[in-house]
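Sequential numbering from 63 applies to the sequence shown in this note's numbering.
Every residue gets a Cβ at the ideal spot worked out from N, C-alpha and C, and that includes glycine.
As structure tokens, the structure follows; a few thoughts come after it.
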Amino acid sequence: MLYVTQEQLEARYAGLAWWTDRSASGAIDADVVAEAIRLACGEIDSHAARQYAVPLKLAHPATARLVSMYAGSIAGYRLAQGARADNIPETLRNDYEDALAWLRDLAAGKLTLDGEDAGAAPPSGGIVLHGGEKYHWPRP
Numbered sequence: 063m064l065y066v067t068q069e070q071l072e073a074r075y076a077g078l079a080w081w082t083d084r085s086a087s088g089a090i091d092a093d094v095v096a097e098a099i100r101l102a103c104g105e106i107d108s109h110a111a112r113q114y115a116v117p118l119k120l121a122h123p124a125t126a127r128l129v130s131m132y133a134g135s136i137a138g139y140r141l142a143q144g145a146r147a148d149n150i151p152e153t154l155r156n157d158y159e160d161a162l163a164w165l166r167d168l169a170a171g172k173l174t175l176d177g178e179d180a181g182a183a184p185p186s187g188g189i190v191l192h193g194g195e196k197y198h199w200p201r202p
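Structure representation (structure tokens):
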């Protein structure tokens, strides 16, 4: 499940075309944006999976807004970083760092998400979720 849309990123970040335009066409590259969104949502799911069933349902409007905001912060920062922006704005960096701190607290169970189902205990096989895909690492 995607927690933020390209349209939301366009409304939030004026630099989106510059950050994503790999072909120098002057336009937003939707594929680049989609990949950043997918990775940001996977990062959220990988942290949320410690406490909740993923993908998150986002049944509560406040939870949906919060998760969308942080997904946008992560995707926006990664897009700016991927464009090798020499001077990533401090506000963008701060938003990204706030998102990471929130994710760490979420994974540690220091905060709760209204309307979400508690996750099952992780299996003993060592599954890590990232971007909706499962990677299995055998335990030594």
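inquiry  = Among A124, H122, G77, E178, whose alpha-carbon lies nearest the alpha-carbon of N149?
reply    = In the sequence shown, the residue the question calls residue 149 occupies position 87. Considering only alpha carbons, the answer is G77.
request  = Report the residue from Y65, H122, R74 whose alpha carbon sits nearest the alpha carbon of A142.
outcome  = Counted from its first residue, the sequence shown places residue 142 at position 80. The option with the nearest alpha carbon to A142 is R74.
message = DSSP three-state label for A115, please.
response = Working through the sequence shown from its first residue, we reach residue 115 at position 53. Coil, per DSSP.
query = Taking the Cβ atom as the reference point for each residue, do Q70 and I90 lie within a distance shorter than 9 Å?
reply = Position 8 of the sequence shown, counting from 1, holds the residue named residue 70. Position 28 of the sequence shown, counting from 1, holds the residue named residue 90. Not closer than 9 Å, so no.
task = Please determine, among R146, I136, L101, E97, the residue with the shortest C-alpha to C-alpha distance to L162.
result = For this step, residue 162 is matched to residue 100 along the sequence shown. Out of R146, I136, L101, E97, I136 has the C-alpha closest to the C-alpha of L162.
ask   = Beta-carbon separation of G177 and H122 under 9 Å?
value = Counting from one through the sequence shown, the residue named residue 177 turns up at place 115. Counting from one through the sequence shown, the residue named residue 122 turns up at place 60. Contact flag set, yes.
query = Out of D179, A102, A180, A79, which has the shortest C-alpha to C-alpha gap to Y132?
reply = For the purposes of this step, residue 132 is identified with residue 70 of the sequence shown, where counting begins at 1. Comparing Cα-Cα distances from Y132 to each of D179, A102, A180, A79, the minimum goes to A102.
inquiry  = Can you give me the C-alpha to C-alpha distance between A180 and D93, rounded to a whole angstrom?
reply    = Within the sequence shown, residue 180 is the residue found at index 118, counting from 1. Within the sequence shown, residue 93 is the residue found at index 31, counting from 1. Rounded to whole angstroms, A180 to D93 spans 33 Å at the Cα level.
task = For G134, count neighbouring C-beta atoms within 10 Å of its own C-beta (all shown protein chains included) and say buried if the count is 16 or more, exposed if not.
result = Here residue 134 refers to the residue found at position 72 of the sequence shown. Buried.
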